[in-house]
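Residue numbers (my numbering): 1 to 125.
No residue lacks a Cβ here, since even glycine has one placed at the ideal position from N, Cα and C.
The structure appears right after this line, and notes come after that.
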């Protein structure tokens with residue numbers, strides 16, 4: 001099964017040299033994380049492209065009405081304004097996800113180490 005998954009895992013961004021030392025759960029978690037990161041990057045790029053097109057329209061048609069950078073790009077706002085918002089910020093959500101994934105990986109490694117100590121070999125079958 002791991003042999004069959006290898007090409008897809010490498011396509012999903014898992015380094016080839018690390019693949020063989022990972023458990024199935026680690027491979028799945030890493031592949032899902034890589035896909036989510038790529039999707040987020042594409043969404044951010046699409047939004048930035050759209051915002052740039054909007055600014056071009058302002059610049060061409062009515063430069064006097066062009067918004068200030070922090071009005072057009074909310075992430076440029078000062079921290080004071082962001083702290084007033086009670087909603088979690090993107091970085092807080094990403095941090096929580098990373099902590100959750102880290103805990104999952106730790107649990108998988110502990111389970112793997114325990115199985116190895118007990119003499120269970122999952123690699124043959």
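C-alpha gap between residue i and residue j, whole angstroms
i, j, result
"residue 46", "residue 104", "31 angstroms"
"residue 37", "residue 16", "19 angstroms"
"residue 2", "residue 13", "16 angstroms"
"residue 55", "residue 94", "29 angstroms"
"residue 64", "residue 24", "57 angstroms"
"residue 112", "residue 102", "15 angstroms"
"residue 89", "residue 72", "18 angstroms"
"residue 87", "residue 106", "29 angstroms"
"residue 99", "residue 27", "17 angstroms"
"residue 49", "residue 30", "28 angstroms"
"residue 125", "residue 114", "Residue placement at residue 125 is flagged as unreliable, the pLDDT there being 47, under the threshold of 50; a coordinate-derived value is accordingly withheld."
"residue 19", "residue 96", "25 angstroms"
"residue 44", "residue 53", "14 angstroms"
"residue 82", "residue 60", "Per-residue confidence for residue 82 stands at a pLDDT of 49, beneath the threshold of 50, marking its modelled position as unreliable; the derived number appears in the next sentence. In a straight line, the C-alpha of residue 82 is about 31 angstroms away from that of residue 60."
"residue 35", "residue 6", "16 angstroms"
Span of the alpha helix (DSSP H) around residue i
i, result
"residue 24", "24–61"
"residue 65", "No alpha helix (DSSP H) contains residue 65, which DSSP labels as neither H nor E."
"residue 3", "2–11"
"residue 19", "16–19"
"residue 115", "90–118"
"residue 69", "69–72"
Status (buried if at least 16 other CB within 10 Å, exposed otherwise) for residue i
i, result
"residue 22", "buried"
"residue 57", "exposed"
"residue 40", "exposed"
"residue 9", "buried"
Supposed contact pair residue j and residue i - C-beta distance, whole angstroms, cut 8 angstroms
i, j, result
"residue 76", "residue 67", "So it is not a contact: roughly 11 angstroms between Cβ atoms."
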